[in-house]
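Numbering (my numbering), first residue to last: 17 to 243.
Glycine is no exception: its CB is placed at the ideal position from the N, C-alpha and C atoms.
In what follows, a single structure is set out as structure tokens and then discussed.
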């Protein structure tokens with residue numbers, strides 16, 4: 017099965033094509049790129065590098081959040097267009113779970129961490145099992161100080177939240193803080209596609225009503241709405 021994975025939930029958005037659980041090709045956006053301008057060309061690049069057309073893809077997956085509100089909407093809209101035009105199945109994957117799955121197997125607790133702006137982080141905790149990361153908490157949007165209060169054992173941190181809060185976490189947590197370096201061989205999109213391949217074995221979804229964005233918190237527009 018060929019799965020096209022797309023992640024537009026974080027600034028370093030990515031696209032990957034997997035075939036039979038192997039990465040054929042993957043590529044990432046730069047943080048300065050606009051999703052509306054670059055995401056579709058990135059899909060075209062990945063497909064051209066692998067020699068497949070969109071209609072030859074068997075299924076699609078998209079990270080559904082939490083993450084950038086604008087990026088999530090662009091990515092989900094793109095996948096919905098692909099599903100409508102190809103009539104192929106899809107699955108939505110939690111972004112934090114995909115980030116956790118980028119971490120190499122470990123006995124330590126895993127904290128997936130994304131910069132949520134406004135002095136908050138999106139986070140969730142996972143433990144590695146033989147078949148991959150197992151969720152042990154819900155997705156949360158909290159202050160870094162509150163997150164530190166939840167850490168009582170050595171924990172592996174992963175995700176773009178480290179770009180902003182690495183020094184703070186290291187100072188606050190000391191030996192309990194373990195930074196997971198980004199895996200250059202696996203983008204978040206590829207990680208999501210690996211997770212999706214296991215879900216496709218259980219259920220194939222064609223109903224776009226099932227594809228819901230997981231925002232976690234209200235957007236700036238909703239917070240400022242007074243009408």
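- Using a threshold of 7 Å, state whether the C-beta atoms of residue 90 and residue 24 are closer than that. Against a cut-off of 7 Å, the Cβ pair of residue 24 and residue 90 comes out as a contact.
- Residue closest to residue 181, alpha-carbon to alpha-carbon, out of 19, 223, 191, 136: That would be 136, whose Cα lies nearest to the Cα of residue 181.
- Reduced DSSP secondary structure (H/G/I, E/B, other) of residue 93: Residue state, collapsed to three classes: helix.
- In angstroms, rounded to a whole number, what distance separates the CA positions of residue 72 and residue 100? Between residue 72 and residue 100, the C-alpha separation is close to 14 Å.
- Of the residues 20, 68, 131, the one placed nearest residue 78, counting alpha carbons only: Answer by Cα proximity: 20.
- Quick one: Cα of residue 86 to Cα of residue 38, how far? Here the C-alpha atom of residue 86 lies approximately 30 Å from the C-alpha atom of residue 38.
- Assuming residue 22 and residue 41 make a contact with CB atoms under 8 Å, what is their CB distance in whole Å? Contact between residue 22 and residue 41 does not hold, since the beta-carbon distance rounds to 13 Å and is not under 8 Å.
- Query: Name the DSSP bridge partner or partners of residue 186?
  - Reply: BP columns for residue 186 are empty, so no partner.
- In three-state DSSP terms, what is residue 245? Absent from the structure is residue 245, since the part of the chain shown begins at 17 and ends at 243.
- Distance, residue 113 Cα to residue 140 Cα: CA-to-CA, the gap between residue 140 and residue 113 works out to about 8 Å.
- Leaving out five residues before and five after residue 76 in sequence, what residues of the same chain have Cβ atoms less than 6 Å from its Cβ? Around residue 76: 20, 95, 98, 106.
- Going by the CB atoms, is the gap between residue 230 and residue 133 shorter than 7 Å? No. Outside cutoff.
- Message: For residue 80, list the residues DSSP reports as bridge partners.
- Response: Per DSSP, none; premise fails for residue 80.
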